[in-house]
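Novice: These protein sequence lines are chains H and U, in that order.
Number 231 in our numbering belongs to position 20 of the first sequence; there are no gaps in the numbering.
Number 172 in our numbering belongs to position 117 of the second sequence; there are no gaps in the numbering.
Structure incoming, see below.
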Amino acid sequence: MTQAILPVEIQLLSLVVLVVFSAWVLWLIRTQQLHLRESLIWLLTTVAAIAVTAWPELLVRASRLVGVQVPANALFGAGLLYLALNVLAVTIGVSRNTTTVRRLAQECALLRAEVVELRARLDGRPPAAPAPREQEKAKR
Amino acid sequence: MRVAVIVPAYNEARNLPRLAEGLRAHAPGCDVCVVDDGSTDDTSRVAAELGWTVLRLPVNLGIGGAVQAGYLWAREHGHDVAVQIDGDGQHDPAYLEALLAPVKTGDADVVIGSRFLSEGGFRSTAVRRAGIRYLSWFLRLRCGARITDTTSGFRAAGRSAIELFARYYPSDYPEPEAIALAKRAGLRLAEVPVRMSERTHGRSSITALRTLYYLVKVSLALLLLPSRRSPSEVHPS
């Protein structure tokens, strides 16, 4: 194939964007704003995107392999897959956090009940009513 | 036999005193534990003044998380049976003994109070009854559990069931899924007739619009059941 798959300008622009993006991700990890575990999928998929941009023949060969006629369509497909993968990774993280938060909230409630009971026993009086939530009351 | 009564409550301050009367009359020796699921009214204060243990969740977890908090409490305090009873006045404490009986005699690990095995009382709308019947059919097909009132939140759990539910309890409309979990864990299920009444104050948390989402969500959860392991089983912590 003699015809360029990607115009050079677009190729360069894409490379710059992708490199800046991965540099940003790396910076986020170094400054501990992003956990390595959550960012791994971003780094891997971005490296793949850089490879395809730098050597578009890879894309042509891959699209032929799966029978896609227009390489640009394969690009769109790969782009969608890239986003879907990363969104799924985020959703997994959110689910995991939900489980953790639920367990922590339950533990808080159990400990508070324990404190109320111990305090009552210490004072030698029956368990008193817990203080109303001042902040929430004030909000309303 | 030490009995824990778990009362999940979200803004039920007005309904709790009536429940207290019922419990005093029909279950005087039980330890009552109200789980205040992030209420914005006086639920916690009212429950504490009634002399009950209060588990006040700092955020609203929904019925699944609230009920599980109760089971965690029952497990920690070594109760032999835990009874779930709603704080909204739908469930009559008069049926507590009937609900406890199969657990006490060792015939069942989980007992569901069913409004469809009894005559009269509040039976919900026709649409919801159809949904409940569908879930009943689905549960029997999926895991062989024969339960008529699949969404009933009036239930008793023996020691092994307390252990199971403390470790894993579903969220987001958990009742039918909890039945399937218990069945899958090899627990014995039983159902006893109870009469339910319409709630006296406030509205049910399940609106007509959500019924469809309810059915789709629960069906999917039941379908995916065998491949799912509880988080605590995967990562023991």
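Beta carbons: idealized from backbone N, C-alpha and C, even for Gly.
The model shown is predicted, which means the values in this text are computed figures rather than measured ones.
Select from U:130, U:179, U:97 and U:267 the residue whose C-alpha is nearest the C-alpha of residue 58 of chain U.
Specialist: Numbered from its first residue, the second sequence carries residue 58 of chain U at position 3. Nearest of U:130, U:179, U:97 and U:267 to residue 58 of chain U, Cα basis: U:130.
Novice: Grab the span of the alpha helix (DSSP H) containing residue 110 of chain U for me, first residue to last.
Specialist: The residue labelled residue 110 of chain U in the question sits at position 55 within the second sequence. From DSSP, residue 110 of chain U is part of no alpha helix (DSSP H) but of the beta strand (DSSP E) over 108-111.
Novice: Under 8 Å between C-beta atoms, does residue 333 of chain H make it to chain U?
Specialist: As a position in the first sequence, residue 333 of chain H is number 122, starting the count at 1. No, residue 333 of chain H does not count as interfacial toward chain U.
Novice: Which partner residues of residue 88 of chain U appear in the DSSP bridge assignment?
Specialist: For the purposes of this step, residue 88 of chain U is taken as the residue at position 33 of the second sequence. Bridge partners of residue 88 of chain U: U:61 and U:108.
Novice: Spatial neighbours of residue 84 of chain U within its chain, please: CB distance less than 8 Å, with the 5 preceding and 5 following residues excluded, ordered by chain position.
Specialist: Counting from one through the second sequence, the residue named residue 84 of chain U turns up at place 29. 58.
Novice: Would you report the Cα separation of residue 243 of chain H and residue 116 of chain U, rounded to the nearest angstrom?
Specialist: The count along the first sequence starts at 1 and reaches residue 243 of chain H at position 32. The count along the second sequence starts at 1 and reaches residue 116 of chain U at position 61. Approximately 29 Å, taken between the alpha carbons.
Novice: Going by C-alpha to C-alpha distance, which of U:223, U:158, U:206 and U:150 sits closest to residue 78 of chain U?
Specialist: Numbered from 1 along the second sequence, position 23 holds the residue referred to as residue 78 of chain U. Closest option to residue 78 of chain U, Cα to Cα, is U:150.
Novice: Under the DSSP definition of a beta bridge, which residues are partnered with residue 169 of chain U?
Specialist: The residue you call residue 169 of chain U lines up with position 114 of the second sequence. Residue 169 of chain U is bridged to U:248.
Novice: Look at the alpha carbon of residue 68 of chain U and the alpha carbon of residue 75 of chain U, and state the distance between them as a whole number of angstroms.
Specialist: Counting from 1 along the second sequence, the entry for residue 68 of chain U is found at position 13. Counting from 1 along the second sequence, the entry for residue 75 of chain U is found at position 20. Cα-Cα distance, rounded: 11 Å.
Novice: Counting only Cβ pairs nearer than 8 Å, list the residues of chain U close to residue 321 of chain H.
Specialist: As a working note, residue 321 of chain H is residue 110 in the first sequence. Those are 110, 124, 127, 128 and 131, listed as they occur along chain U.
Novice: What does residue 113 of chain U reach in chain H if we use C-beta pairs closer than 8 Å?
Specialist: Position 58 of the second sequence, counted from the first residue, corresponds to residue 113 of chain U. Residues of chain H passing the Cβ test: 316, 319 and 320.
Novice: Which residues of chain U have a Cβ atom closer than 9 Å to the Cβ of residue 324 of chain H, listed in chain order?
Specialist: Residue 324 of chain H sits at position 113 when you count from the first residue of the first sequence. By Cβ distance, chain U contributes 88, 108, 109, 110, 111 and 128.
Novice: Could you tell me the distance, in whole angstroms, from the CA atom of residue 280 of chain U to the CA atom of residue 266 of chain H?
Specialist: Along the second sequence, one-based indexing puts residue 280 of chain U at 225. Along the first sequence, one-based indexing puts residue 266 of chain H at 55. Taking the straight line joining both Cα atoms gives about 45 Å.
Novice: For residue 291 of chain U, does the three-state DSSP call read helix, strand or coil?
Specialist: Taking the first residue of the second sequence as position 1, residue 291 of chain U is located at position 236. With a pLDDT of 38 at residue 291 of chain U, under the threshold of 50, the modelled position of that residue is not reliable, and the figure given next carries that caveat. In this structure, residue 291 of chain U counts as coil in the three-state DSSP scheme.
Novice: Please classify residue 301 of chain H as buried or exposed, where buried requires at least 16 other C-beta atoms within 10 Å of its C-beta.
Specialist: In the first sequence, the residue the question calls residue 301 of chain H occupies position 90. Counting Cβ neighbours within 10 Å, residue 301 of chain H comes out exposed, since fewer than 16 surround it.
Novice: In chain order, what residues of the same chain lie with their CB nearer than 6 Å to the CB of residue 229 of chain U, ignoring the 5 residues before and after it?
Specialist: If you number the second sequence from 1, residue 229 of chain U lands on position 174. Contacts found: 119.
Novice: Kindly indicate if chain U contains any beta-carbon less than 8 Å away from that of residue 351 of chain H.
Specialist: Here residue 351 of chain H refers to the residue found at position 140 when the first sequence is read from its first residue. Confidence in residue 351 of chain H is poor, its pLDDT being 45 and thus under 50, which makes the residue's placement unreliable; the coordinate value appears in the next sentence. Residue 351 of chain H counts as touching chain U.
Novice: Considering only the alpha carbon of each residue, which of U:167, U:210, U:169 and U:192 lies closest to residue 125 of chain U?
Specialist: Locating residue 125 of chain U in the second sequence gives position 70, counting from the first residue. It is U:210.
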